[in-house]
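One line per chain: the protein sequences are F and Y, in this order.
For the first sequence, my numbering assigns the number 1 to the initial residue and increments by one for each residue that follows.
For the second sequence, my numbering assigns the number 1001 to the initial residue and increments by one for each residue that follows.
Using N, Cα and C, we set each Cβ at its ideal position, and we do this for glycine too.
To start, the structure itself, in structure tokens.
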Amino acid sequence: MSIWEYANPKKFMATTAPAVPWLFALGIGAIVVALVWGFFFTPADYRQGATVKIIYLHVPSAMLAINAWLMMLVASLIWLVRRHHVSALAAKAAAPVGITMTLIALMTGAIWGQPMWGTWWVWDPRLTSFLILFLFYLGYVALWSAIEDPDTAADLTSILCIVGSVFAVLSRYAVNFWTQGLHQGASLSLDAKENVADVFYQPLLLAIAGFILLFLALVLLRTRTEIRWRRVRALDLRARRD
Amino acid sequence: MIRDLKLAVRAGGGFGLALAFFLIVVVLVPFGVGPEREVLARIAPGILWVAALLAALLSLDRMFALDHEDGSLTLLATGPLPLEAVALGKALVHWATTGLPLVVIAPLLGILLSLPGPAVLPLLVSLAVGTPALSMIGAFGAALTVGLKRGGLLMSLLVLPLYVPTLVFGAEVVRRGGEGLGVAVPLAMLGGITLGAFAVLPFATAAALRVNLR
């Protein structure tokens, strides 16, 4: 039993078919509970007022925006090394979800920034690097859609993803150098004793869990769609040849 | 590589075009923001760097596309020289025909934008150090999109985000130079990016070319 068995499209399809509805139900359920809990049953922050509650959308989406790219990087490496088609398709499937997460993070941040910082946008290192990440996602998706041959597209986008990762990290530290930050430091880390006050922390963790589950469900669903498209294409080619 | 250099010089097109483009962008900026000397002096480092970046971008799609069309890229790929070396050579030629002229002409355009005197030398040095990275990153972008019919726009979308670190440090060198601060740190970072790009990207470029030639 090894993880590589799931690189077989048939095995992958059979395993994920029952998992996807569960992931969707759990993910959406967790997000709904977390949001209701967070919005109606936690007190307003003494300085930020009710605007603090946007944290339940902002933090999970920002986390996933970065982790989706990391997942694409891993999937691209697996494709380049082991040539598993499911891996390349999963990377392709994750990109639009990552774009959406980046957009959610940027927009909720802007909505929060307007009353708190008095501006929708500042050229802060974190904000700027997120915008750059968004551009990287756009380029990646555009390259996928521009190339017709699926294997060529998978190869080229994988190379782009790897090179892009290096430059994304470089940009992250370059913009640090370039401007002073207004964004607060990381509000969550594993080694801190208390990250956020407990009242906010528990629904936030639930929201993060919900977002991760929803992300998994969306990526699996999109990967399954891609695999089906691939099959349709193969059948189509075969039918034309006969 | 020598063949490329000769071709570029004799054909003339891309050679002068990038320079003219650089000039026009720089001349257009005062029309947009007004002729006040203080304003221009403040934004001059950024404008010069952004214009250099766009000028470098302009001539990228010709880098591999012409050779791909007439098949000489296939010849180069099967030749004795490894494709990595071809990619490196292409990037160097691109730099010699667009980057180097930009470096030479940049101080003149700095006068147009009333760039402060002490910033001229940093401008020269930063462009000389940074533009090779632009060519090498551009070569990578050009290799990714070489097989596409209308790859130019897509290539800009792919390449411009990769230019961010170079731009940040390049403009920072000029700005600090203008204000009389030490330029060693951003200059070292800029040089690091250039050297890193030349160490790694020929391999990525060659890999992308091989995929496209398959």
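Interface criterion not met: the Cβ of residue 1060 (chain Y) is under 7 Å from no Cβ in chain F. If you check each beta-carbon in the region 135-162 of chain F against every beta-carbon of chain Y, the ones closer than 8 Å belong to 135, 136, 138, 139, 142, 143, 146, 147, 152, 155, 156, 159, 160 and 162. Contact between residue 1208 (chain Y) and residue 159 (chain F) holds: their C-beta atoms lie close to 5 Å from each other, under 8 Å. Taking a contact as a CB-CB distance under 8 Å, the pair residue 108 (chain F) and residue 31 (chain F) does not count as one, their CB atoms being some 14 Å apart. Excluding the 5 residues flanking it on each side, residue 1046 (chain Y) has same chain C-beta neighbours closer than 7 Å at 1171, in chain order. With a cutoff of 7 Å on beta-carbon distance, residue 177 (chain F) and residue 1162 (chain Y) are scored as not near each other.
The C-beta distance from residue 1060 (chain Y) to residue 1136 (chain Y) rounds to 11 Å, too long to meet the 8 Å contact threshold.
Shown here, residue 147 (chain F) sits in coil according to DSSP, grouped into three states, outside any helix or strand. In terms of Cβ geometry, residue 171 (chain F) and residue 1165 (chain Y) form a close pair [threshold 7 Å].
CA-to-CA, the gap between residue 1072 (chain Y) and residue 1151 (chain Y) works out to about 19 Å. Under the Cβ criterion (8 Å, minimum of three pairs), the region 1093-1109 of chain Y counts as touching the region 1016-1024 of chain Y. CA-to-CA, the gap between residue 75 (chain F) and residue 1145 (chain Y) works out to about 22 Å. The three-state reading of DSSP puts residue 76 (chain F) in helix, counting H, G and I together. Nearest Cα to residue 22 (chain F) within the set F:216, F:144, F:152 and F:95: F:216. Taken in chain order, the members of the region 1153-1175 of chain Y whose beta-carbon sits within less than 8 Å of a beta-carbon on chain F are 1154, 1157, 1158, 1160, 1161, 1162, 1164, 1165, 1168, 1169 and 1172. Inside the region 20-105 of chain F, DSSP marks no whole beta strand (DSSP E) run of 3 or more residues. In terms of beta-carbon proximity, residue 1103 (chain Y) stays away from the interface with chain F, with every pair separated by 7 Å or more.
Across the region 1030-1064 of chain Y, no CB contact with chain F closer than 9 Å is found for any residue.
Using a CB distance below 7 Å, no part of the region 97-118 of chain F faces chain Y. Residue 1212 (chain Y) carries a helical assignment under DSSP once its states are collapsed to helix, strand and coil. Taking C-beta separations shorter than 7 Å and ignoring five residues to either side along the sequence, the partners of residue 5 (chain F) in its chain run 11, following chain order. Across the structure, residue 42 (chain F) and residue 112 (chain F) are spaced so that their CA atoms are roughly 18 Å apart. Distance from residue 1138 (chain Y) to residue 1159 (chain Y) at the Cβ level is roughly 6 Å; contact confirmed, criterion being Cβ atoms closer than 8 Å. In the structure shown, residue 123 (chain F) falls within a coil segment according to DSSP collapsed to helix, strand and coil. A distance below 7 Å between beta-carbons, with the five flanking residues on each side excluded, links residue 1095 (chain Y) to the following residues of its chain, in chain order: 1131, 1132 and 1135.
Counting C-beta pairs with one atom in each stretch, the region 1035-1052 of chain Y and the region 1074-1086 of chain Y have fewer than three that are closer than 8 Å, which means they do not touch. Below the 8 Å Cβ cutoff, chain F contributes 146 and 147 as neighbours of residue 1148 (chain Y), in chain order. Closest in C-alpha terms to residue 173 (chain F), from the list Y:1179, Y:1189 and Y:1069, comes Y:1189. The continuous alpha helix (DSSP H) containing residue 1138 (chain Y) extends over residues 1120-1144. If you check the CB distance, residue 154 (chain F) and residue 86 (chain F) do not come in under 7 Å. Proximity of residue 35 (chain F) to chain Y, defined by a Cβ-Cβ separation below 7 Å, is not satisfied. Linking residue 1143 (chain Y) to residue 1082 (chain Y) through their CA atoms gives a straight-line distance of about 15 Å. When 7 Å is used as the limit between beta carbons, residue 171 (chain F) is near these residues of chain Y: 1164 and 1165, in chain order. In the structure shown, residue 1163 (chain Y) falls within a coil segment according to DSSP collapsed to helix, strand and coil. From the beta-carbon of residue 178 (chain F), the residues of chain Y found nearer than 7 Å are 1168 and 1172. DSSP places residue 1049 (chain Y) inside the alpha helix (DSSP H), whose first and last residues are 1037-1058.
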